[in-house]
Amino acid sequence: SGQSVRFMGEEGADKLEHEMCSDWEEVTRDPAKVRRYRTFKTQFLRSKELQLMSNVNKDLTFRSKEHSKSLGERSTAEYIVVLVAGMCLSFNAGYINGACLSGLLTDDGTKVPVSAFTGSYTKSAIFLAGGQVPEFGFLITLILCFIGGATLSSALNPRAKPYQLGPEYGPCFLVGSILLVIASVLSEIHDTSRGLFYCAAAANGLQNGMSSMYSGNLIRSTHYTGISTDIGIIIGRIIRGDYSELWKLWVLMGLTASFWTGGLISFWATAHFQTHSLLFSACFFFLIGMGIIGFLAYNYKISMWRAAFGTYNWHNAFDELSVHMSAMSSRHSIRSNIVNPDGTCASEEFLLSLFDKIDHNADGYIEEDELYLALKEAGMRVSKRGIKAMMKVADTNGDGRIGRQEWDNLVKGKLEADHMREEQEKQEEERRAAAAANGEDAVVNRAKKRLKRSITVGW
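Each position in the sequence shown, counted from 1, maps to that position plus 986 in our numbering.
Now the structure itself:
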């Protein structure tokens, strides 16, 4: 039975099973042969079920093996690209932090870090205890701005996957560029304004959030207490002969050196350009954002405008699919592919339970990308039109996604439609059997020959 699926393909196996079901059971009266046929049919359908569920389970982990790979397990080219990108971001964060610590951005000489806040937490507590409420409020607001920047990066990219560029990374960097331009303008117009530090802190929080999400928390480009600790831990392991994380040591040391270099360069840049020094970082943010937007627009064949605003989502992926049939009209639907060992279709309970498996992020909804991935890995070829049709049929409230109740209604409606189709097929078979009653002997001989050939191929 397994060989029949492997050599004939699912369509050929379905055709063989249909022929055996429509001809053999209809004309055969030998109990022994019927038992042998049913045994073969049970094993045949069981093999299809196991094969399908294996494919479904592979996808419903959402390609966990690929995304769980560490940077050291990836290709050398990807390792170098990520390392260089992380070093550039670290340099930028060190430059911004050095500029804000220079005391040259405001006339009152305010010096405050905008990338690392361990000291700010301690100072805010001391200021509050000493009754210096304005200074306490300034540091707390600074910390909240950094947190707000990281929150914004996550809100714009809620389902980030490690080492995979999403549509929201480009817009995030453009927002960071705008924040730094505002900081530079505030420094130029309001000589004593502290708003520029808030914007700089928010830009750093935004950058650190994006780099952390992209690298799986490996690259944290704005603060180095934890990185310094990790460097010490890895060096200790190397001393003991464990070189498994040597690749990580080079990454962390590269980030640290770049951050330090950024602070070094900021000394001369701020001394020369003063209030305009943050414009260099704004341009750097803008160039990175446009680079990501151009990369996505080129690879996914979309306009720069759609890539800049992250509005393309999965439409580009559907446009690139090479498909041959619609999911709504294909006989290889979820129900027609999942069968029980006795040859009956999958139960309503089983189909309802698929909702939780397809909904990989557990938000209670199935969206286009989740449905597409589940159907694709289940062995089905679906088109953009097919996915859109399925979503349109199931999405009764028009919110662009399928909720649990909508899924339940879809499954129940599908079961009723399948039952009606089975009844119609049964009536058609009975009509054909009655029409062929006069030529029963010829039908019996033809069915026996077909069964013998089918069983030979199947086993």
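For each residue, glycine too, the CB sits at the ideal point set by N, CA and C.
Values in this document were obtained by computation on a predicted structure and should not be read as measured data.
Pairwise C-alpha distance: residue j and residue i
{"i": "Leu1138", "j": "Lys1109", "result": "26 Å"}
{"i": "Leu1204", "j": "Glu1408", "result": "55 Å"}
{"i": "Ser1088", "j": "Ile1164", "result": "22 Å"}
{"i": "Ala1115", "j": "Gly1105", "result": "15 Å"}
{"i": "Arg1292", "j": "Gln1118", "result": "49 Å"}
{"i": "Asn1143", "j": "Gly1156", "result": "11 Å"}
{"i": "Met1377", "j": "Asn1194", "result": "36 Å"}
{"i": "Asn1285", "j": "Ile1279", "result": "10 Å"}
{"i": "Asp948", "j": "Leu1151", "result": "Outside the displayed range of the chain (987 to 1445) lies residue 948, so it cannot be described from this structure."}
{"i": "Arg1226", "j": "Ile1129", "result": "39 Å"}
{"i": "Ile1219", "j": "Arg1206", "result": "17 Å"}
{"i": "Cys1158", "j": "Ala1071", "result": "15 Å"}
{"i": "Phe1253", "j": "Ile1175", "result": "22 Å"}
{"i": "Trp1246", "j": "Pro1153", "result": "31 Å"}
{"i": "Arg1390", "j": "Asp1355", "result": "16 Å"}
{"i": "Pro1148", "j": "Tyr1065", "result": "13 Å"}
{"i": "Phe1266", "j": "Phe1281", "result": "22 Å"}
{"i": "Ala1294", "j": "Phe1259", "result": "30 Å"}
{"i": "Leu1090", "j": "Ala1186", "result": "15 Å"}
{"i": "Ala1141", "j": "Asp1385", "result": "19 Å"}
{"i": "Arg1418", "j": "Ala1283", "result": "57 Å"}
{"i": "Ala1360", "j": "Ile1344", "result": "6 Å"}
{"i": "Asp1349", "j": "Thr1382", "result": "18 Å"}
{"i": "Arg1290", "j": "Met1199", "result": "Per the sequence shown, the amino acid found at residue 1290 is Met instead of Arg. The straight-line gap from Cα to Cα measures roughly 24 Å."}
{"i": "Val1100", "j": "Tyr1107", "result": "12 Å"}
{"i": "Glu1416", "j": "Gln1410", "result": "10 Å"}
{"i": "Met1239", "j": "Thr1096", "result": "30 Å"}
{"i": "Ala1111", "j": "Ala1375", "result": "58 Å"}
Anticipated Cβ contact below 8 Å, residue i with residue j, distance rounded
{"i": "Leu1264", "j": "Ala1085", "result": "6 Å"}
{"i": "Ala1079", "j": "Cys1131", "result": "Ala1079 to Cys1131, Cβ: 15 Å. No contact."}
{"i": "Thr1261", "j": "Ser1173", "result": "4 Å"}
{"i": "Leu1075", "j": "Ser1197", "result": "5 Å"}
Residues of its chain near residue i, where Cβ-Cβ distance is below 7 Å and the 5 sequence neighbours each way are ignored
{"i": "Ile1133", "result": "Gly1191"}
{"i": "Thr1127", "result": "Tyr1184"}
{"i": "Ala1420", "result": "none"}
Short Cβ contact (9 Å threshold) for residue i with residue j
{"i": "Ala1257", "j": "Met1073", "result": "no"}
{"i": "Phe1270", "j": "Leu1160", "result": "no"}
{"i": "Thr1178", "j": "Thr1092", "result": "yes"}
{"i": "Leu1230", "j": "Arg1223", "result": "One point to set straight first is that residue 1230 is Ser, not Leu, in the sequence displayed. In this structure, Arg1223 lies closer than 9 Å to Ser1230 by Cβ."}
{"i": "Gly1181", "j": "Gly1162", "result": "no"}
{"i": "Ile1373", "j": "Tyr1358", "result": "yes"}
{"i": "Tyr1081", "j": "Ile1251", "result": "yes"}
{"i": "Leu1077", "j": "Gly1248", "result": "Before going on, a small fix: residue 1077 reads as Phe here, not Leu. Yes, these two residues count as a Cβ contact at 9 Å."}
{"i": "Val1167", "j": "Ala1255", "result": "no"}
{"i": "Phe1122", "j": "Val1098", "result": "no"}
Residue i, DSSP secondary structure in three states
{"i": "Tyr1210", "result": "coil"}
{"i": "Gly1277", "result": "helix"}
{"i": "Gly1116", "result": "coil"}
{"i": "Ile1352", "result": "strand"}
{"i": "Gly1386", "result": "coil"}
{"i": "Lys1097", "result": "coil"}
{"i": "Ser1316", "result": "In this prediction, Ser1316 scores a pLDDT of 38, lower than 50, which makes its location untrustworthy; the coordinate-derived value is nonetheless stated afterwards. Residue state, collapsed to three classes: coil."}
{"i": "Phe1103", "result": "coil"}
Beta-carbon proximity list for residue i, same chain, < 8 Å, skipping 5 on both sides
{"i": "Ala1102", "result": "Asn1083, Thr1208, His1209, Tyr1210 and Thr1211"}
{"i": "Leu1235", "result": "Ile1217, Ile1220, Ile1221 and Ile1224"}
{"i": "Leu1113", "result": "Position check: residue 1113 holds Phe in this sequence, whereas Leu was assumed. If we look at Phe1113 and ignore the five residues flanking it on each side, its Cβ neighbours are Val1119, Glu1121, Phe1122 and Leu1125."}
Heavy atom of the ligand PLP within 8 Å of residue i beta-carbon
{"i": "Ala1380", "result": "By its list of ligands, the structure shown contains no ligand whatsoever, and the ligand PLP lies outside what it can speak to."}
Spatial neighbours of residue i in its chain, beta-carbon cut-off 6 Å, leaving aside the 5 residues before and after
{"i": "Val1237", "result": "Leu1069"}
{"i": "Glu1353", "result": "Arg1387"}
{"i": "Asp1094", "result": "Thr1178"}
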